[in-house]
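Chemist:
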DNA sequence: GACCGAATATGACAGCGGTCATAGTAGCGG
DNA sequence: CCGCTACTATGACCGCTGTCATATTCGGTC
């Protein structure tokens, strides 16, 4: 997650996502976001008149778009594309981060879902949209590899679900093995889904 | 999750788990836990001198033991045991709850991980222990079905990861389809893992 | 320079959080 | 009745949070 040095507004959204994925939505304060972004506190109510909810929702949306865009980048980096290779690349992003930077942070969309699904209707919807924004390009990539369209959507759901859960377990255990394990275990299933006649 | 009407201490732990899995750890207050349990506020510092952290950790531990025990019950309810059947039973517990009681609550262990992995060392460890308490009987059940021991542990990790992630997506989208989808997609892989010669 | 909107700076407020301190009650063995 | 322990009750404290209200500064444009 490279820092985009755009305007202060974008920086605050980015910082919010960073803090949310580390501490959760409730434990992340607005003053903290501003400080983390190096932005003036007064800008909060100027750029986000909708308050914390707006900021959180934008952070979640940003995370969804980020995850979606990564799919294309992972795909381009694969020498010979395969569903399992793509899934491995998605997981490797997390193992790399955890091995170099520690297990402090998880997925901001997961954090928003856990903290806001029951009470924050708008944020819950933002999380659902983020998952959709993530899943769509993933399903498309699978079809491009020869997975039947009907199957691709289901497989995308499976891949994201498994990855999210493995991230949770990895953080709890401070060990990347859940991530490497699910990649290994899912490999044959994923590759068996490509229709060779396609 | 039937309510155990034991002493007030147990009720508070149980209520804490309920509230945590709905609103997250940070958003759950101690006064709220006492009120939900119908327990006097003064009992909090008496039964949990370690403060909120102790209460949360016990709630997470309770959840882990609960999940572990459920494995045996699911197993007993299957007419002809199979890995996919067990996984389907695990997922059905969630689809049932979501269809009858709404999508308000998720997994308390996941909530504790999201909210405390970075800052609450003890709680993070409690979450890791809960995952272990959940995974052990699951792996044992798989070996009893004929899955090689080496494979059973990995498969247990895969099943729990996928289930946790599907719970997240289901809550965000307010739709049980992620759960039903991963059950369907994982079925062949799970059943292929049983060694017929065993 | 005057002007005006965007952006920033501060301060205050009301609410709630966990926690501590202290006092009170209930039950029971002596 | 005493004394002791387990439990309950209540109030206060301090820190923090999101939000609002109110200046103040900045950057251009006429």
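Residue numbers (our numbering), protein chains in the order written: chain F, 1494 to 1691; chain R, 1494 to 1691.
By construction, the Cβ of each residue, glycine as well, lies at the ideal position given by its N, Cα and C atoms.
State the DSSP-derived secondary structure class of residue 1573 (chain R), mapped to helix, strand or coil.
Modeler: In the three-state reduction of the DSSP assignment, residue 1573 (chain R) falls in the coil class, being assigned neither a helical nor a strand state.
Chemist: Within a Cβ cutoff of 7 angstroms, which residues of the same chain sit near residue 1502 (chain R), ignoring the five residues on either side of it in sequence?
Modeler: 1540
Chemist: Do residue 1665 (chain F) and residue 1620 (chain R) have their C-beta atoms closer together than 8 angstroms?
Modeler: yes
Chemist: Give the DSSP-derived three-state secondary structure of residue 1509 (chain R) in the structure shown.
Modeler: Three-state result, residue 1509 (chain R): helix.
Chemist: Would you be able to state if there are at least three C-beta pairs under 8 angstroms between the region 1525 to 1538 of chain F and the region 1611 to 1625 of chain F?
Modeler: no
Chemist: Compare the beta carbon distance of residue 1634 (chain F) and residue 1579 (chain F) with 8 angstroms and say whether it is the shorter of the two.
Modeler: yes
Chemist: For residue 1600 (chain F), which of helix, strand or coil comes out of DSSP?
Modeler: coil
Chemist: Given a cut-off of 8 angstroms, decide if residue 1648 (chain F) and residue 1576 (chain F) are closer than it, judged by their beta-carbon atoms.
Modeler: yes
Chemist: Could you check whether the region 1548 to 1557 of chain R touches the region 1596 to 1614 of chain R, counting it as contact only if at least three pairs of C-beta atoms, one from each stretch, sit closer than 8 angstroms?
Modeler: yes
Chemist: Please report the straight-line C-alpha distance between residue 1630 (chain F) and residue 1590 (chain F), rounded to a whole angstrom.
Modeler: 23 angstroms
Chemist: Where does residue 1593 (chain R) land, buried or exposed, given buried means 16+ other C-beta within 10 angstroms?
Modeler: exposed
Chemist: Could you tell me whether the region 1523 to 1533 of chain R touches the region 1666 to 1677 of chain F, using the rule of 3 or more Cβ pairs below 8 angstroms?
Modeler: no
Chemist: For residue 1566 (chain R), count the other beta carbons within 10 Å of its own beta carbon; 16 or more makes it buried, fewer makes it exposed. Which is it?
Modeler: With fewer than 16 Cβ atoms within 10 Å of its Cβ, residue 1566 (chain R) is classed as exposed.
Chemist: So is residue 1583 (chain F) in contact with chain R if we call contact Cβ pairs under 8 angstroms?
Modeler: no
Chemist: Could you compute how far the alpha carbon of residue 1690 (chain R) sits from the alpha carbon of residue 1681 (chain R)?
Modeler: 18 angstroms
Chemist: Hey, quick one: how far does the alpha helix (DSSP H) through residue 1690 (chain F) stretch, first residue to last?
Modeler: Looking at the DSSP string, residue 1690 (chain F) is not in any alpha helix (DSSP H), and its letter there is neither H nor E.
Chemist: Whole angstroms are fine: how far does the CA of residue 1561 (chain F) sit from the CA of residue 1516 (chain R)?
Modeler: 27 angstroms
Chemist: Between residue 1546 (chain R) and residue 1611 (chain F), what straight-line distance do the alpha-carbon atoms span, to the nearest angstrom?
Modeler: Distance from the CA atom of residue 1546 (chain R) to the CA atom of residue 1611 (chain F), rounded to whole angstroms, is 23 angstroms.
Chemist: Using a C-beta to C-beta distance shorter than 7 angstroms, which residues of chain R count as neighbours of residue 1575 (chain F)?
Modeler: Per Cβ cutoff of 7 angstroms: no residues; residue 1575 (chain F) is ~16 angstroms from chain R at best.
Chemist: Taking all protein chains shown into account, decide if residue 1510 (chain F) is buried (16 or more other Cβ within 10 angstroms of its Cβ) or exposed.
Modeler: buried
Chemist: Go through its chain and collect everything with a Cβ distance to residue 1597 (chain R)'s Cβ below 6 angstroms, but skip five positions before and after it.
Modeler: 1515.
Chemist: For residue 1697 (chain R), would you say it is in contact with chain F, using Cβ-to-Cβ distances shorter than 8 angstroms as the test?
Modeler: Since the displayed chain R opens at 1494 and closes at 1691, residue 1697 (chain R) lies outside it and no answer follows.
Chemist: Quick one: using the 10 Å Cβ neighbour count with 16 as the cut-off for buried, is residue 1617 (chain F) buried or exposed?
Modeler: buried
Chemist: Does chain R have any CB closer than 8 angstroms to the CB of residue 1515 (chain F)?
Modeler: yes
Chemist: How is residue 1650 (chain F) classed by DSSP in three states: helix, strand or coil?
Modeler: helix
Chemist: Please list the terminal residues of the continuous alpha helix (DSSP H) segment that includes residue 1535 (chain R).
Modeler: 1535 to 1540
Chemist: Flag this pair as yes or no: are the beta carbons of residue 1650 (chain F) and residue 1662 (chain R) separated by less than 8 angstroms?
Modeler: yes
Chemist: Can you give me the C-alpha to C-alpha distance between residue 1645 (chain F) and residue 1499 (chain F), rounded to a whole angstrom?
Modeler: In a straight line, the C-alpha of residue 1645 (chain F) is about 36 angstroms away from that of residue 1499 (chain F).
Chemist: From which residue to which residue does the alpha helix (DSSP H) around residue 1667 (chain R) run?
Modeler: No alpha helix (DSSP H) holds residue 1667 (chain R); DSSP gives it neither H nor E.
Chemist: Counting C-beta neighbours from all protein chains within 10 Å, is the total for residue 1640 (chain F) 16 or more, i.e. buried, or is it exposed?
Modeler: buried
Chemist: Hey, quick one: how far does the alpha helix (DSSP H) through residue 1524 (chain F) stretch, first residue to last?
Modeler: 1523 to 1530
Chemist: In chain F, which residues lie less than 9 angstroms from residue 1523 (chain R) when you measure between Cβ atoms?
Modeler: Here the premise fails: no neighbours, minimum Cβ distance about 15 angstroms.
Chemist: Helix, strand or coil, according to DSSP, for residue 1610 (chain R) in the structure here?
Modeler: Coil at residue 1610 (chain R), not helix or strand.
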